[in-house]
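Working notes, structure below.
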Amino acid sequence: MKYAFWPGCVSKGACPELYDSMIKTSAKLGIELEELFDGNCTGAGVISEQDPKLADALNARNFALAQKMGLTTLINICSTCQGIQSMVQEKLDRDEEHRAKINAQLAEEGLEYKPGLTIKNFMWLLVEDYGLDKLKEHVVRPLTSLRCGPFYGCYILRPSRILGMEEHPERDNYLEQIIEAVGAEPVDYEGKNKCCGFPILTNNRKNSLTQAGTHLAEAQDKGADCLVTPCPLCHLNLDAQQPSAAEVIERELNLPIIHLPQLIGLAIGIDPTELRMNRHVVGTQAVIDKVLAAVEA
Amino acid sequence: MKIALNVKRFDPEAGNETRNQQYAIDLPEHSTVLDALIHVREYVDATLALRCSCRSAICGSCAMRVDKQACLACKTKITDIVKEEGQEILVEPMGNMPVIKDLVTDMEVHWSKVRQVTPWLRPTGPEPEREYLVSNDAMMDVAGAMNCIHCGACVSDCPVLEIDKSFIAPAALAKAYRFAGDPRDGTHKERLQMLSETQGGIWDCTRCNMCVEVCPKDVRPMDLIMQLRDKAVAAGVAGGTGKRHGDAFSSSVRRLGRLDEMRLLPESVGIFNAPRLLGELRGAFRMMRVGKLPWKHALPLVSKPIPGIKHVRRLFDQARREEKETKE
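Those sequence lines, one after another, are chains L and F. The numbers in the first sequence follow the numbering used here, run straight up by one, and end at 356. The numbers in the second sequence follow the numbering used here, run straight up by one, and end at 499.
Structure below.
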């Protein structure tokens, strides 16, 4: 099956390891991706906050680009992209008049959005389309002994009414299911579906880093070896800002934050350097060592 | 059906310890969590304290955390929670406020914040001869905020309030919108200025959607906070980082079709904000060292826009034109 692929700005910017690991991991799983090279930023909720209609037009453009490729499913690797895309799609599908206005704007580029496009985060795709059984068949390096905390990111969980939770009520539990499928042990902690604080990092640094630090400390206290997240924005606040968060909450923190495709990639036998496990502010060597030691044992 | 309740108990007269108590009861399948709790209090354990009145999701008295999420117990069916036989229902008091006893919390935290937003109309200018007239559209705009029943569910689960007690929190900010959006009020600018500049104001919301998720009356407080931000910008009273971040973000997408992370932070905190920028340098170097900040993106020749950039810019320009027209 071939999917239109929207990598999001962050995987092409501050988290290049997410993009690289997604390409490697999906290829090995046999998931064919056709990238939206001409796609634009979803606005990450910032543009929709200032001008919802503009955000609708920008996102409709991406949807229409995917449909122009003749594909019916658009994949993203970012909780924030998923949230914005779902929100805009719900509006466009519900309101025919609004859709016509937006399409009139897209017409100059020869684009049109027609309802019927499926938009899925890689996490949803793995469980719902690819299947955990098939994923398990690919696991050659079970991550036994790795204690892994899930960190979802707000926009892939809330508001649930636009995120298909009625049809797929277990979407708030997929990370745990995937962690188990690759042989690791999920660590439960309160912070797993709370906010990482990233959206207010520039505005209220103390609050932002207190949020990140609190969740990190909690997961660390519960014995997690690492966190896994489908959201690169959460990754940035939890990983790149972790030393600063430690200062703010006055706690020692050392918790690697792994992207979802990296976790899968490790389990299906991709070399950690190919997954760019070295491109983390909080070193991932302890995770790699634990994974490799389990294989050798 | 058989119902297994696990209730968090706290009795200040019996010491400061909280404990969990299990109750096994049998009730019809259509029962709500409140039905179950009332049954316990009436027939099993009269010491269980809870607050409730209308039992119809109107009064807002019975907000509590069920299965780790705030809700009205009277609006939450047992079968909404229990997915498999024997599954326990965890019932706890609301968060972010002191517990008085068992499931009863002290809501002063919430009321103090409601008072902080001056929750009454302040008309200015001469009084009309008869009543103040308000258009239907203007009233519909604030009607959503007026649906709030002050149950406290959003206050309970707000993650910002958890770490910052000064945050005005979703319910009171939604109430603030109700007056900042009412055409009869003559102090919109002062209201927006206060909400924008005060500690714990509208720019401290992380946009996490938790309040939207737990609100039993679909008030969508976060959406109203975003509209308050919009109003504050339009009224010219929002000059802080929050606004600059939005502007820097938009200009980056207009210029390149994607985010320019190298410029977003300095432009957001303000390029003349030297202390803050110097403070961020360490973090930036930390990221660059492991190849995280795309420093190449900062070079004008490498920083190429997406192929269809002219269409993205066209969408931006059209939005700006429309905005200008609406203002005129």
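Even for Gly, the Cβ is constructed at its ideal location relative to N, Cα and C.
Same chain only: Cβ atoms within 7 Å of residue i, ignoring 5 sequence neighbours per side
i	result
residue 435 (chain F)	419, 420 and 423
residue 385 (chain F)	240, 241, 242, 324, 325 and 328
residue 426 (chain F)	476
residue 349 (chain F)	313, 316 and 317
residue 199 (chain L)	327 and 328
residue 415 (chain F)	438, 439 and 441
residue 403 (chain F)	363, 366, 367, 373 and 409
residue 305 (chain L)	272, 311 and 312
residue 140 (chain L)	65, 67 and 101
CB contact below 8 Å: residue i versus chain L
i	result
residue 234 (chain F)	no
residue 368 (chain F)	no
residue 375 (chain F)	yes
residue 457 (chain F)	yes
residue 287 (chain F)	no
residue 379 (chain F)	yes
residue 264 (chain F)	no
residue 490 (chain F)	yes
residue 479 (chain F)	yes
residue 485 (chain F)	yes
residue 238 (chain F)	no
residue 420 (chain F)	yes
residue 436 (chain F)	yes
C-alpha distance - residue i paired with residue j, whole-angstrom precision
i	j	result
residue 337 (chain L)	residue 352 (chain L)	18 Å
residue 325 (chain F)	residue 311 (chain L)	32 Å
residue 376 (chain F)	residue 138 (chain L)	18 Å
residue 440 (chain F)	residue 180 (chain F)	46 Å
residue 72 (chain L)	residue 220 (chain L)	31 Å
residue 176 (chain F)	residue 260 (chain F)	5 Å
residue 249 (chain L)	residue 287 (chain L)	15 Å
residue 235 (chain L)	residue 245 (chain L)	6 Å
residue 219 (chain F)	residue 232 (chain F)	16 Å
residue 359 (chain F)	residue 204 (chain L)	58 Å
residue 156 (chain L)	residue 168 (chain L)	20 Å
residue 172 (chain L)	residue 126 (chain L)	7 Å
residue 307 (chain L)	residue 263 (chain L)	12 Å
residue 170 (chain L)	residue 481 (chain F)	14 Å
CB contact check: residue i to chain F, cutoff 8 Å
i	result
residue 359 (chain L)	Past the edges of chain L, shown from 60 to 356, lies residue 359 (chain L), and the structure says nothing about it.
residue 96 (chain L)	yes
residue 330 (chain L)	no
residue 213 (chain L)	yes
residue 190 (chain L)	no
residue 89 (chain L)	no
residue 68 (chain L)	yes
residue 202 (chain L)	no
Close-in-space but distant-in-sequence residues of the same chain around residue i (CB under 8 Å, 5 per side omitted)
i	result
residue 198 (chain F)	172, 174, 206, 207, 210 and 249
residue 418 (chain L)	Shown here, chain L extends from 60 to 356; a query on residue 418 (chain L) therefore has no answer.
residue 117 (chain L)	99, 100, 101, 102 and 106
Beta-carbon gap between residue i and residue j smaller than 8 Å
i	j	result
residue 269 (chain L)	residue 412 (chain F)	no
residue 339 (chain F)	residue 288 (chain F)	yes
residue 118 (chain F)	residue 279 (chain F)	Summary: the structure shown does not reach residue 118 (chain F), with chain F confined to residues 172 through 499, and so no result is reported for it.
residue 283 (chain L)	residue 340 (chain L)	no
residue 354 (chain F)	residue 309 (chain F)	yes
residue 301 (chain L)	residue 319 (chain L)	no
residue 145 (chain L)	residue 106 (chain L)	no
residue 401 (chain F)	residue 148 (chain L)	no
residue 194 (chain L)	residue 240 (chain L)	yes
residue 345 (chain F)	residue 305 (chain F)	no
residue 64 (chain L)	residue 94 (chain L)	yes
residue 277 (chain F)	residue 221 (chain F)	no
residue 202 (chain L)	residue 325 (chain L)	yes
Contact test: residue i Cβ vs the ligand FAD heavy atom, cutoff 7 Å
i	result
residue 446 (chain F)	The ligand FAD is not among the ligands present in this structure, which contains no ligands whatsoever.
Close-in-space but distant-in-sequence residues of the same chain around residue i (CB under 6 Å, 5 per side omitted)
i	result
residue 230 (chain F)	224
residue 231 (chain L)	216
residue 190 (chain F)	180
residue 158 (chain L)	151
Got a sec: which bits of the segment 149-166 of chain L sit with their beta carbon under 7 Å from any beta carbon on chain F, in order along the chain?
164
Under 7 Å, CB to CB, which of the residues in the segment 260-283 of chain L have a partner in chain F?
261, 262, 263, 266, 269, 270 and 273
Using a Cβ-Cβ cut-off of less than 7 Å, give me the residues of the segment 438-455 of chain F that come near chain L, in sequence order.
439, 440 and 454
Interface residues of the segment 286-317 of chain L facing chain F [CB-CB below 9 Å]
295, 298, 299, 300, 302 and 303
Near-chain L residues of the segment 326-346 of chain F (beta-carbon distance less than 9 Å), N- to C-terminal order:
330, 331, 333, 334, 335 and 338
Using a Cβ-Cβ cutoff of 9 Å, what residues of the segment 241-274 of chain F are near chain L? List them in chain order.
254
Listed from N- to C-terminal order along the chain, which residues in the segment 239-259 of chain L have their beta-carbon within a distance smaller than 7 Å of any beta-carbon of chain F?
253, 254, 256, 258 and 259
Residues of the segment 193-223 of chain F with a CB closer than 9 Å to any CB of chain L: list them in chain order, please.
none
Relative to chain L, which residues along the segment 301-329 of chain F have a C-beta separation below 9 Å, given in chain order?
none
What are the residues in the segment 383-400 of chain F lying within 7 Å of chain L by C-beta distance?
383, 384, 397 and 400
Quick one: which residues of the segment 70-83 of chain L get their C-beta closer than 9 Å to a C-beta of chain F? List them in chain order.
71, 72, 73, 74, 75 and 76
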